[in-house]
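The opening residue of the sequence shown carries number 1 in UniProt numbering; numbering runs sequentially from there. Every residue, glycine too, gets a C-beta built ideally from N, C-alpha and C. All values derive from a computational prediction rather than experimental measurement.
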Amino acid sequence: MNSRIIIVVFTILLVAGVIAAFVFGFGRKKDLVKPVLDEGEGVKKEEFAENPLNGVKVPIENAPKVLERRPLVVMMGNNTDARPQSNVSMADMVYEVVAEGGITRFMPVFLYNEPEKIGPVRSIRSYFLYWILELGDAMVMHDGWSSSVILEASAIDLIDKYSVRSLFRGGLYGYRDPGRLAPDNEYISAKVAREHGSKLGWDGTREFERWRFKEDSEKVYESEPLASELNIVFWAYGDYDSAWAYNADKNLYFKSTGGVEHFDPEGNVQLSAKNVIVQFAKETAVNDEKHHLLYQNVGSGKSIIFLDGRKVDSTWVKRDLRERTMFYDLSGNEIRFNRGVIWISVVPDRNEDQVTYK
């Protein structure tokens with residue numbers, strides 16, 4: 001009798017285990033792989049995986065590149081001596097934010113592509129960490145960090161506090177290009193960065209909340225105001241003003257910086273994006289020896305989304321340092337971005353009137 005009970009209990013546990021494995025393992029993975037259907041006959045033609053960063057459809061044989069590894073973030077200079085930067089055009093998304101003195105830095109995020117040369121690599125500021133943490137514990141390559149007696153401005157202390165996957169902290173250094181002057185001559189290979197991350201035990205990924213995406217053909221925002229030109233003055237220095245020109249034929253925005261078309265020397269292509277986000281956030285200077293900046297990027301505020309040649313007034317919300325920043329239209333609907341590169345320009349909210357369009 002006891003042996004029968006044991007057999008029954010064992011069978012129940014075995015079945016429950018199989019169900020759990022399907023629901024939380026195979027089933028969860030399957031949700032990330034979406035079939036493409038032939039609308040005419042309803043016959044499956046092919047399958048693809050969706051890049052969780054920008055919604056781009058990836059051939060199913062390349063699915064592990066976007067489903068089974070964490071994003072790679074690189075801190076990159078944008079001072080005049082740092083230009084032109086290598087392989088920004090290969091990033092899935094890019095952040096552009098003032099580091100100090102009105103000088104912006106780029107923070108490109110790579111998942112699908114693996115460029116051989118990324119840079120120039122520069123140091124990191126504390127507020128960039130909160131965007132990194134929301135991307136599935138992404139790993140970040142930088143050279144140096146802000147250090148301050150004030151914790152919130154001290155990137156090195158926050159990296160340790162929040163266990164940020166810093167490749168630099170983990171002993172990785174880039175290589176120097178002798179054809180350029182220091183400090184704007186350090187570069188890193190995505191392959192080398194990922195191999196070093198693997199040695200540190202950073203294989204795999206952690207899921208993060210995804211944004212919603214749409215096809216170019218879906219005219220979700222055709223009732224919004226037209227906007228074919230966008231100009232962003234972060235502070236008041238012309239060398240760091242950002243401008244975007246919309247090309248309707250390609251449904252792309254092309255970038256200029258400081259009044260000059262901004263090109264990537266690797267392939268000689270002008271930087272472009274399918275979506276341009278302007279996120280307004282409170283900027284403050286802390287009372288430390290270097291007057292480091294802080295951006296209030298946990299909370300909520302105004303934003304403007306530019307896509308399909310339209311301007312969409314919106315709001316952003318980030319409820320916790322590890323939660324994803326989400327964007328909503330003024331009716332409370334989550335923004336549906338075009339599949340493709342997303343460029344996020346974070347502008348001090350005091351300078352809202354310095355973002356113009358026509």
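How about residue i and residue j: are their beta carbons less than 8 Å apart?
| i | j | result |
| --- | --- | --- |
| Met93 | Leu53 | yes |
| residue 366 | Val346 | Given that the chain is displayed from residue 1 to residue 358, the structure contains no residue 366 and the question cannot be resolved. |
| Ile344 | Val312 | no |
| Ile103 | Tyr240 | yes |
| Leu111 | Val140 | no |
| Ala155 | Leu294 | no |
| Ser146 | Ser126 | yes |
| Lys117 | Ser86 | yes |
| Val220 | Trp244 | no |
| Pro115 | Asp184 | no |
| Phe280 | Lys255 | no |
| Gly136 | Arg206 | yes |
| Asn338 | Leu307 | yes |
| Ile232 | Val278 | yes |
| Ile304 | Val355 | yes |
Alpha carbon to alpha carbon, how far is residue i from residue j?
| i | j | result |
| --- | --- | --- |
| Glu39 | Met90 | At Glu39, the pLDDT of 49 sits below 50, so the modelled position is not reliable; the number obtained from the coordinates is stated separately. C-alpha separation (whole angstroms): 32 Å. |
| Ala236 | Ser198 | 42 Å |
| Val43 | Glu61 | Note that Val43 has pLDDT 49, beneath the 50 cutoff, so the model's placement of it is unreliable and no number is given. |
| Ser148 | Glu289 | 8 Å |
| Pro265 | Ser272 | 14 Å |
| Glu352 | Lys161 | 33 Å |
| Leu330 | Tyr175 | 46 Å |
| Gly201 | Lys358 | 49 Å |
| Gly27 | Ile342 | No answer about Gly27 holds up, because its pLDDT of 34 lies below 50 and its placement is not dependable. |
| Leu252 | Ser314 | 20 Å |
| Glu229 | Tyr328 | 22 Å |
| Tyr173 | Val74 | 12 Å |
| Glu222 | Ile159 | 43 Å |
| Ala193 | Pro71 | 11 Å |
| His291 | Ala63 | 44 Å |
| Glu283 | Asp216 | 34 Å |
| Gly101 | Thr80 | 13 Å |
| Pro59 | Val286 | 47 Å |
| Lys57 | Glu68 | 15 Å |
| Gly204 | Asn113 | 16 Å |
| Ser242 | Ile124 | 21 Å |
| Lys274 | Gly340 | 5 Å |
| Phe128 | Asp157 | 13 Å |
| Gly179 | Asp349 | 39 Å |
Kindly identify the DSSP beta-bridge partner or partners of residue i.
| i | result |
| --- | --- |
| Pro115 | Paired residues: none, contrary to the question. |
| Met326 | Val317 |
| Gly204 | Arg69 |
| Phe263 | Gln270 |
| Asn231 | Ala243, Thr356 |
| Asn338 | Lys214 |
| Ile304 | Val278, Asp313 |
| Leu226 | Arg310 |
| Glu96 | Phe106, Ser345 |
| Glu61 | Answer by DSSP bridge pairing: none, since Glu61 is not bridged. |
| Lys255 | Trp244 |
| Leu294 | Thr284 |
| Val74 | Met141 |
| Gly101 | Bridge partners of Gly101: none, in fact. |
| Val121 | Met76 |
| Glu50 | Lys57 |
| Ser86 | Gly119 |
| Gly299 | Lys318 |
Please list, in chain order, all residues of the same chain as residue i whose beta carbon is under 7 Å from its beta carbon, the five residues on each side excluded.
| i | result |
| --- | --- |
| Pro225 | Arg310, Lys311 |
| Tyr130 | Asn297, Val298, Leu321 |
| Ala21 | Note that Ala21 has pLDDT 38, beneath the 50 cutoff, so the model's placement of it is unreliable and no number is given. |
| Phe168 | Met141, His142, Asp143 |
| Asn247 | Phe254 |
| Asn51 | Val58, Val66, Asp92, Leu111, Tyr112 |
Enumerate in chain order the residues of its own chain whose CB-to-CB distance from residue i is below 8 Å, with the five nearest sequence positions on each side excluded.
| i | result |
| --- | --- |
| Val269 | Ser89, Phe263 |
| Glu218 | Arg336 |
| Val323 | The identity of residue 323 in the sequence shown is Glu, whereas the question assumes Val. Around Glu323: Glu134, Glu209. |
| Asn78 | Gln85, Glu96, Ile103, Thr104, Arg105, Phe106, Tyr240, Thr257 |
| Met76 | Ala82, Gln85, Val88, Arg105, Phe106, Met107, Pro108, Ile118, Gly119, Pro120, Val121, Arg122 |
| Ala138 | Arg70, Pro71, Leu72, Val73, Val109, Ile132, Arg165 |
| Ala227 | Tyr246, Phe306, Gly309, Arg310, Lys311, Tyr357, Lys358 |
| His196 | Leu167, Gly170, Gly171, Leu172 |
Got a sec? Which residues, its chain only, sit under 6 Å from residue i by beta carbon, not counting five neighbours each side?
| i | result |
| --- | --- |
| residue 359 | Residue 359 is absent from the model: the chain starts at 1 and stops at 358. |
| Pro189 | A small fix is needed here, since residue 189 is Ser in this sequence, not Pro. If we look at Ser189 and ignore the five residues flanking it on each side, its Cβ neighbours are Glu116. |
| Gly170 | Leu200 |
| Ala99 | Arg105, Arg125 |
| Ile150 | Val286, Asp288 |
| Lys191 | Glu114 |
| Val23 | Confidence in Val23 is poor, its pLDDT being 36 and thus under 50, which makes the residue's placement unreliable; the coordinate value appears in the next sentence. Same-chain partners within the cutoff: there are none. |
| Gly55 | Phe213, Arg339 |
Please specify which runs of the alpha helix (DSSP H), each continuous and at least 4 residues long, are wholly inside the segment 123 to 202, giving them in chain order.
128 to 133, 155 to 161, 190 to 199
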